[in-house]
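Asker: Numbering (my numbering), first residue to last: 23 to 405. Got a structure for you, written out below as structure tokens; questions coming shortly.
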């Protein structure tokens, strides 16, 4: 199919992937209310158009955690992205490096952090969950350091896995899941050849030390359910700050009080995130809470945001609402599934072009100038 916009990658991915994988990426928790709310609320943010401004020279460059980026964008962590394309995390990281932005590798990636760093290079961030086995968490931190990861993204909104009914219906989990996945793979021969056969090993690379030979998707789902730590509190996280001397970013913030806690912990940044609508269904959209969080912490922390972002226009909207940078999730996952590294590269080029057009039409020449002044009056959230 012809791909002419970032949204087209979703349909291309749907055609290529077995249903269990497409629905895993595309779906959200329970009734998917928050999933839809993320897109609705962000799409309702109106911008103020300006004309006859000199916008002949535009700069998208920015700095996050002392890294010089080509634009304020990061490929956010996506679990088992290596099942979307052959050694998918490596392909995505290569596209990110070529675009001059970081990629954040998920704890539950197919390719381990060492493989991605060695084969792709560039700026690799590492995402870590709060899990029961603190010794294993220390081992993961050591692996991230050995791979010279430039930032640690600590995800705190998965004390328990969200209820994802679509996964049970699709065959990702539930009764006879393995047989259902095999049948779907047979019905998608291009994916089966490229990823199913040539993309091996299908192990959760970072978890191999604890899973051993048990590394299939069923083991992945079971491990998640058994190893997240619902008893953890802010008081338990000080040792993370003590063990990681690089930038520490707390992901999963939706409330200004939690933003204050992250600041007290000694974090360098936060990600305003509802996990893409995959955890608490009924949680507010990130676009709706971002301004209040930005007002609460000011310049004390770098503010990143995700959930609902699909385009360059969405990136500018989030920056205008108070973010310093934006994490992409489903957008790059769909592009990877559709066309591998080339798809992610094409997506990032489209997003860069869209950002430039939006900047020009709002009279902004430097990405640092994007703030609430470019919002239409009703969206400025002024005191």
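Note that the Cβ used here is the ideal one computed from N, Cα and C, for glycine as well.
First and last residue of the alpha helix (DSSP H) that includes residue 266?
Answerer: Counted from its first residue, the chain shown places residue 266 at position 244. Element bounds for residue 266: n/a, residue is neither H nor E.
Asker: Along the alpha helix (DSSP H) that carries residue 486, what are the first and last residues, could you check?
Answerer: Nothing in the structure corresponds to residue 486, since the chain is present only between 23 and 405.
Asker: Which partner residues does residue 149 have in the DSSP bridge list?
Answerer: The residue you call residue 149 lines up with position 127 of the chain shown. Partner(s): 175.
Asker: Spell out the partners DSSP gives residue 325 in its beta bridges.
Answerer: Taking the chain shown and counting its residues from 1, the one referred to as residue 325 is at position 303. Answer by DSSP bridge pairing, in chain order: 292.
Asker: Suppose the cutoff is 7 Å on Cβ atoms and the five residues either side in sequence are ignored; what does the same chain contact list for residue 55 look like?
Answerer: Numbered from 1 along the chain shown, position 33 holds the residue referred to as residue 55. Cβ neighbours of residue 55 beyond the five flanking positions: 303 and 304.
Asker: Between which residues of its own chain and residue 118 is the CB-CB distance below 7 Å, once the five residues before and five after are set aside?
Answerer: As a first step, residue 118 is located in the chain shown; it is residue number 96 there, counting from the start. Excluding sequence neighbours, residue 118 sits near 97, 124, 125 and 144.
Asker: For residue 395, count neighbouring Cβ atoms within 10 angstroms of its own Cβ and tell me buried if that reaches 16, exposed if not.
Answerer: If you number the chain shown from 1, residue 395 lands on position 373. Residue 395 comes out exposed.
Asker: Below 6 Å CB to CB, which residues in the same chain sit around residue 175 once its five sequence neighbours on both sides are set aside?
Answerer: Here the question's residue 175 lines up with position 153 in the chain shown. Answer for residue 175: 126, 147, 149, 271 and 273, listed in chain order.
Asker: Roughly how many angstroms lie between the CA atoms of residue 153 and residue 314, to the nearest whole one?
Answerer: Start at 1 with the first residue of the chain shown, and residue 153 comes out as number 131. Start at 1 with the first residue of the chain shown, and residue 314 comes out as number 292. Cα-Cα distance, rounded: 30 Å.
Asker: What residues in its chain sit with their C-beta under 7 Å from that of residue 109, if we drop five residues either side in the sequence?
Answerer: On the chain shown, position 87 is the one that residue 109 refers to. Excluding sequence neighbours, residue 109 sits near 133 and 221.
Asker: With respect to the alpha helix (DSSP H) encompassing residue 376, which residues constitute its N-terminal and C-terminal limits?
Answerer: In the chain shown, residue 376 corresponds to position 354, counting from 1. Residues 352-383.
Asker: According to DSSP, simplified to helix, strand and coil, what is residue 272?
Answerer: Translated into positions along the chain shown, residue 272 becomes position 250. Of the three classes helix, strand and coil, the one that applies to residue 272 here is strand, per DSSP.
Asker: Helix, strand or coil for residue 334? Go by DSSP, reduced to three states.
Answerer: Your numbering for residue 334 matches position 312 in the chain shown. Residue 334: helix per DSSP, three-state reduction.
Asker: Exposed or buried, which one is residue 252 when buried takes at least 16 other CB atoms within 10 Å?
Answerer: Looking up residue 252 in the chain shown gives position 230. Classification of residue 252: exposed, given that the 10 Å Cβ count is below 16.
Asker: Taking residue 55 as part of the alpha helix (DSSP H), name the residues at either end of that continuous run.
Answerer: For this step, residue 55 is matched to residue 33 along the chain shown. Residues 55-65.
Asker: Do three or more CB pairs link the region 326-339 to the region 367-378 at distances below 8 Å?
Answerer: The answer is yes - the region 367-378 touches the region 326-339, with three or more Cβ pairs under 8 Å.
Asker: Mind checking whether residue 25 and residue 35 have CB atoms under 8 Å apart?
Answerer: What you label residue 25 is simply residue 3 of the chain shown in a count that begins at 1. What you label residue 35 is simply residue 13 of the chain shown in a count that begins at 1. Their beta carbons are not under 8 Å apart, which means residue 25 does not touch residue 35 by this criterion.
Asker: Using DSSP with H/G/I as helix, E/B as strand and the rest coil, what is residue 304?
Answerer: Taking the first residue of the chain shown as 1, we reach residue 304 at position 282. Note: residue 304 maps to coil in three-state DSSP.
Asker: What residue from 267, 368 and 308 has the CA that sits closest to residue 57's CA?
Answerer: If you number the chain shown from 1, residue 57 lands on position 35. Among 267, 368 and 308, the Cα nearest to that of residue 57 is on 308.
Asker: Quick check: the Cα distance between residue 41 and residue 319, rounded to an integer number of angstroms?
Answerer: Taking the chain shown and counting its residues from 1, the one referred to as residue 41 is at position 19. Taking the chain shown and counting its residues from 1, the one referred to as residue 319 is at position 297. Approximately 42 Å between the Cα atoms of the pair.
Asker: Measuring straight from C-alpha to C-alpha, what distance separates residue 61 and residue 298?
Answerer: What you label residue 61 is simply residue 39 of the chain shown in a count that begins at 1. What you label residue 298 is simply residue 276 of the chain shown in a count that begins at 1. Roughly 10 Å between the two C-alpha positions.
Asker: Quick one: grab the DSSP three-state call for residue 405.
Answerer: The sequence position of residue 405 within the chain shown is 383, counting from 1. Legend: pLDDT at residue 405 = 44, less than 50; position of this residue unreliable, value from coordinates given subsequently. Here residue 405 sits in coil by DSSP.
Asker: Does the distance from the C-beta atom of residue 29 to that of residue 332 stay below 8 Å?
Answerer: By 1-based counting over the chain shown, the position of residue 29 is 7. By 1-based counting over the chain shown, the position of residue 332 is 310. Against a cut-off of 8 Å, the Cβ pair of residue 332 and residue 29 comes out as a contact.
Asker: Answer yes if the region 255-270 comes into contact with the region 65-83, meaning at least three C-beta pairs across the two stretches below 8 Å, and no otherwise.
Answerer: Output reads no: the region 255-270 does not touch the region 65-83.
Asker: Given residue 263, which residues of its chain have a CB within under 8 Å of its CB, disregarding the five upstream and five downstream residues?
Answerer: Translated into positions along the chain shown, residue 263 becomes position 241. Around residue 263: 270, 287, 288 and 289.
Asker: State the start and end residues of the unbroken alpha helix (DSSP H) segment that holds residue 30.
Answerer: Reading the chain shown from its first residue, position 8 is the one you call residue 30. That run of the alpha helix (DSSP H) goes 30-38.
Asker: Check for me: the alpha helix (DSSP H) holding residue 88 runs from which residue to which?
Answerer: The residue labelled residue 88 in the question sits at position 66 within the chain shown. Looking at the DSSP string, residue 88 is not in any alpha helix (DSSP H), and its letter there is neither H nor E.
Asker: Can the beta-carbon of residue 293 be found closer than 8 Å to that of residue 327?
Answerer: Residue mapping note: residue 293 aligns to position 271 of the chain shown, counting from 1. Residue mapping note: residue 327 aligns to position 305 of the chain shown, counting from 1. The answer is yes: Cβ separation under 8 Å.
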